Amino acid sequence: MKIAVLVKQVPDSETRIQLSGPAQKLDDSKFTRVLNPYDAYAVEEAVRIKERAPGTEIVAITIGAADRVRETLKKDCLAVGCDRAIVVADPALADADEAGIAVVLAAALRQEACDLILAGKQAIDDDAAQVGVRVAEILGIAHVAVVTKLDLADGALTAQREIEGGVEIVQAKLPALITCQKGLNEPRLPSLPNIMKASAKPMRVVTCAELGVEPPARTYDVKRYAPPPSRAACKVIAGDDPAAAAAELARLLREEAKVI
Amino acid sequence: MPNIAVFIEQRDGQVKKVAWQMISEARRLVDQAGGEVWGVCLHAAPCDAAHQAGAHGAHRLFTAEHELFKLYDSAAWATAVAAFARAKRPDLLMVGATALGKDLAPKLAQKLGAACVSDSIAVKWDGNAWEVRRPIFAGKCYVDVVPRTSPAVVGVRPNAFALSEGRGGAAAAESFDPGVASLTPLARVTEVQAAAGRKVELTEAETIVSGGRGIKGPEHYHLIEELAAVLGAAAGASRAVVDAGWVPHSHQVGQTGKTVSPNLYIACGISGAIQHLAGMSSSKCIVAINKDPNAPIFKVADYGITGDLFAILPLLQREVEKLKS
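In order, the protein sequences belong to chains B and U.
Okay, so the first sequence: first residue is 1 according to this note's numbering, each after it adds one.
Okay, so the second sequence: first residue is 1 according to this note's numbering, each after it adds one.
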C-alpha cells in the first residue's frame with residue numbers, strides 16, 4: 001500500500017493578523033509557521049495505517065519554498081513516520097490559487113500512483129476547503145471530505161463523514177482521497193531521536209517543469225484585504241446580584257438588541 | 001445578462017434555509033445588475049420548491065429528478081449542477097456553505113474550470129464585475145476577490161444574507177437533464193446517522209450558547225444545554241472543553257472548529273483565546289458571562305455580566321422562559 005499525505009504550512013492559530021500601510025497589505029513576515037492542524041490528522045492516520053499494514057510507504061507532499069517548509073516536513077511528517085517527502089518549490093506558484101495548487105499536486109500524485117491520499121479538511125489560513133476535493137476530481141478518483149473515522153479493507157474504504165447534526169457513512173473503492181477532520185485520531189508528537197533520524201530520510205525538491213505541469217493562471221483576483229468590522233464597547237452588568245443581572249440581561253437582549 | 005443560479009439544497013424534501021437566504025440576496029443583486037435569479041434543485045421525489053423560491057425572489061426554478069439524488073453523491077450531484085451550468089450559463093452559481101455544499105462547490109468548480117470562492121459573506125455588483133467578500137484566518141481578516149471565470153461558484157455562509165419574503169408568485173418551473181444516466185458512482189453514502197441529542201446545528205443556528213473552561217467539568221455542561229434549549233439555540237464549546245474530552249469535537253467553535261455567525265452568541269466561562277474569537281466574532285450580538293472582568297471575551301462582547309455563571313445561568317434561563325411564555 002502506498003499513501004500520499006498532502007500537507008501545508010500555516011501561521012499557528014494564536015497568530016494575530018495585521019494589515020499594514022495604506023494598501024492594507026497582509027504582513028506575513030513575522031508569522032510562526034506550523035503544520036496545518038488538520039493535516040496533522042492526515043499524517044497520523046497514514047502512520048496508523050502503516051503500523052497495521054507493514055510495508056506501507058508514506059510520502060508527504062507539499063508546495064512552498066524548500067528552506068521554509070523543510071523543518072515542518074522533517075519534524076511533523078518524517079519524524080512521526082512518513083518515509084519521504086516531496087516539495088514542489090517553484091516561484092511561479094507564489095501567486096497560485098486553490099485551482100492552481102490542485103493541478104500541481106495532482107501532477108505530483110500522478111508520478112506516485114498512490115492507493116490512498118490523505119489531506120486536512122481545510123487549511124486554517126485560507127479556510128477554502130477546496131484543494132483536496134479538486135485534486136480528487138482532477139485525478140478522477142473518489143473522495144470523502146470531513147472524515148472522523150476511516151476503515152480500510154479489501155481495496156475499499158468505509159468513512160464516517162461529519163454533516164449537520166450527525167454523520168454520513170460513505171463507502172468507496174481505492175484509490176481515493178480523504179480529507180481529515182478533528183476527531184479522526186490524536187496526532188502523536190515526534191520524539192527527539194526520531195527528529196534526528198528524520199534528517200536522513202529523502203526529501204526531493206522539484207519544480208513545475210520537472211512535474212511536467214504549467215503553473216496555471218488564477219481563477220480570481222484578490223482586490224483587497226480588510227480588517228473585520230470593529231465592535232462597539234461592551235455594556236457590562238455587575239454580577240454581584242445574579243438575579244438582577246440575569247433580569248437586566250434578558251431585558252436588554254429583548255428590548256435593545258431584539259435577539260430573543 | 002448576469003444571471004445568478006442558486007443551488008437549493010434539500011434533504012427528504014426539507015430545504016436548507018440558506019437556499020432562501022441566497023435567493024433573497026441574489027434577487028437584490030440582479031435588481032441592480034439586470035438578469036434573473038434561477039433556483040436549481042436536485043431531488044429523488046417530487047419537491048415543491050417553486051412557490052417558496054418565487055416568494056423569496058427567484059424568477060425560474062430548474063429541477064432534475066433521479067434516484068441518485070436521494071442521498072448525497074458528490075460525483076452525481078456535481079455532474080448534474082455542472083450540466084445545468086453548461087446549458088444555461090449563469091454568471092454566478094451560489095451554493096450554501098453547508099456540509100453538502102462545501103463538498104459540492106469545489107467539485108463543481110473543478111468540473112467547470114471555474115473559480116470557487118468559499119464561505120462568502122457578501123457579494124457586490126460594481127457595474128462590470130462581481131466582488132465577493134470572505135473571511136480568512138477564521139475571520140481575523142476579510143478578503144475581497146473578483147472572479148475571472150464565468151460561471152464562478154460562490155459558497156455562501158448560512159445566515160450571512162437576510163431573508164426577504166413575499167417577492168412574487170411561484171417561480172416558473174422546468175426540468176433539466178442532469179446527465180447522470182451513465183454515471184458510475186465513485187463513493188456511495190450507505191447510511192445517515194443522526195447524533196443523539198443534537199437538535200440545532202451550530203453552523204446554521206440563529207442563537208448559540210457556548211461553554212468554556214469556566215464550567216469546570218462535563219457534569220456542568222447541562223447548564224449550557226438547558227439555556228440553549230429554552231432559546232432554541234445550538235450548544236457550543238471552546239477548544240479547551242473539547243480537548244479535555246468534556247464534549248464531542250463537533251461542538252467546537254473557533255479556528256480549529258466551526259466558524260459561526262449567529263444573531264446571538266452567549267459565551268459562558270470562555271476567556272476568549274484568539275483562536276476562539278476568530279470563530280465567533282462575526283456574530284451579530286455577543287454576550288459574555290465570565291468571572292474575570294479582564295477576560296478578552298469582553299473586548300468583542302456587546303453585553304457582559306462579570307459574575308458566577310453557576311448562579312447566573314439558571315436565573316437567565318428562567319428569565320428567558322418568562323419572556324417566551
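Quick reminder that beta carbons are idealized off the backbone N, C-alpha and C, glycines included.
Source: prediction; values computed, not measured.
Would you please state the rounded distance, in angstroms, between the beta carbons of residue i and residue j? I believe it to be under 8 Å.
{"i": "B:Pro175", "j": "B:Ile138", "result": "13 Å between Cβ atoms; not a contact."}
{"i": "U:Val209", "j": "U:Ile224", "result": "5 Å"}
{"i": "U:Cys268", "j": "U:Gly232", "result": "Not a contact, Cβ separation roughly 17 Å."}
{"i": "U:Phe137", "j": "B:Asp125", "result": "6 Å"}
{"i": "U:Val189", "j": "B:Glu168", "result": "5 Å"}
{"i": "B:Ala40", "j": "B:Leu211", "result": "Not a contact, Cβ separation roughly 26 Å."}
{"i": "U:Gly307", "j": "U:Lys322", "result": "Incorrect: roughly 20 Å between the Cβ atoms, too far for contact."}
{"i": "U:Ile286", "j": "U:Asp302", "result": "5 Å"}
{"i": "U:Ala187", "j": "B:His143", "result": "7 Å"}
{"i": "B:Val170", "j": "B:Ala159", "result": "5 Å"}
{"i": "B:Val104", "j": "B:Ala119", "result": "14 Å between Cβ atoms; not a contact."}
{"i": "U:Ala99", "j": "B:Glu162", "result": "7 Å"}
{"i": "U:Val146", "j": "U:Glu165", "result": "Going by Cβ atoms, the distance from U:Val146 to U:Glu165 rounds to 31 Å, so no, they are not a contact pair."}
{"i": "U:Gln10", "j": "U:Cys47", "result": "6 Å"}
{"i": "U:Met94", "j": "U:Ala26", "result": "6 Å"}
{"i": "U:Ala273", "j": "U:His251", "result": "So it is not a contact: roughly 16 Å between Cβ atoms."}
{"i": "B:Gln18", "j": "B:Asp27", "result": "6 Å"}
Starting from residue i, follow the beta strand (DSSP E) in both directions and report where the run begins and ends.
{"i": "B:Val144", "result": "142 to 153"}
{"i": "U:Tyr72", "result": "It is not in any beta strand (DSSP E) - U:Tyr72 carries neither H nor E in the DSSP assignment."}
{"i": "B:Thr62", "result": "57 to 63"}
{"i": "B:Ile260", "result": "First-last for B:Ile260: undefined, no H or E at that position."}
{"i": "U:Glu191", "result": "187 to 194"}
{"i": "B:Ile3", "result": "2 to 6"}
What residue range is occupied by the uninterrupted alpha helix (DSSP H) comprising residue i?
{"i": "B:Val133", "result": "131 to 139"}
{"i": "B:Thr72", "result": "66 to 72"}
{"i": "B:Val80", "result": "Looking at the DSSP string, B:Val80 is not in any alpha helix (DSSP H), and its letter there is neither H nor E."}
{"i": "B:Ile117", "result": "No alpha helix (DSSP H) holds B:Ile117; the beta strand (DSSP E) holding it covers 116 to 120."}
{"i": "U:Gly139", "result": "Note, U:Gly139: premise wrong, no alpha helix (DSSP H); not H, not E."}
{"i": "B:Gly100", "result": "98 to 110"}
{"i": "B:Glu248", "result": "242 to 251"}
Name, in chain order, the residues that DSSP records as bridge partners for residue i.
{"i": "B:Gln24", "result": "Paired residue(s): none; B:Gln24 is not in a bridge."}
{"i": "B:Pro11", "result": "B:Arg33"}
{"i": "U:Gly304", "result": "B:Val236, U:Ala288"}
{"i": "U:Gln10", "result": "U:Val15"}
{"i": "U:Phe298", "result": "DSSP output for U:Phe298 lists no bridge partner at all."}
{"i": "U:Arg133", "result": "U:Ala122, U:Asp144"}
{"i": "U:Ala33", "result": "According to DSSP, U:Ala33 bridges with nothing at all."}
{"i": "U:Thr98", "result": "Paired residues: none, contrary to the question."}
{"i": "U:Ile4", "result": "U:Val37, U:Leu92"}
{"i": "U:Ala172", "result": "U:Arg60"}
{"i": "B:Ile86", "result": "B:Ile61, B:Arg204"}
{"i": "B:Glu162", "result": "B:Val167"}
{"i": "U:Ser325", "result": "Answer by DSSP bridge pairing: none, since U:Ser325 is not bridged."}
{"i": "U:Ser210", "result": "U:Gly236, U:Ala267"}
{"i": "U:Cys116", "result": "U:Val153"}
{"i": "B:Leu93", "result": "Answer is none; B:Leu93 lacks a bridge partner."}
{"i": "U:His43", "result": "U:Glu65"}
- Query: Mind pulling the alpha helix (DSSP H) runs of 4 or more residues that sit fully within the stretch 220 to 282 of chain U?
  - Reply: 221 to 231, 239 to 243, 274 to 280
- Contact between the stretch 67 to 83 of chain U and the stretch 169 to 179 of chain U: three or more CB pairs below 8 Å? yes
- Message: With a threshold of 8 Å, are at least 3 pairs of Cβ atoms found where one atom belongs to the stretch 213 to 222 of chain B and the other to the stretch 64 to 76 of chain B?
- Response: no
- Are at least three pairs of beta-carbons, each pair with one atom in the stretch 37 to 49 of chain U and one in the stretch 148 to 166 of chain U, less than 8 Å apart? no
- Query: Does the stretch 235 to 253 of chain B touch the stretch 59 to 73 of chain U, meaning 3 or more C-beta pairs lie closer than 8 Å?
  - Reply: no
- Message: Quick check: the stretch 191 to 209 of chain B against the stretch 84 to 94 of chain B, are at least 3 beta-carbon pairs closer than 8 Å?
- Response: yes
- Complete runs of the beta strand (DSSP E) confined to the stretch 164 to 228 of chain B [at least 3 residues]: 166 to 173, 176 to 180, 203 to 206, 220 to 226
- Report yes or no: do three or more beta-carbon pairs, one from the stretch 177 to 195 of chain B and one from the stretch 57 to 65 of chain B, lie closer than 8 Å? no
- Message: For the structure I just gave you, are there three or more beta carbon pairs, one from the stretch 232 to 241 of chain B and one from the stretch 49 to 67 of chain U, closer than 8 Å?
- Response: no
- Does the stretch 50 to 58 of chain B come close enough to the stretch 28 to 35 of chain B to have 3 or more Cβ pairs within less than 8 Å? no
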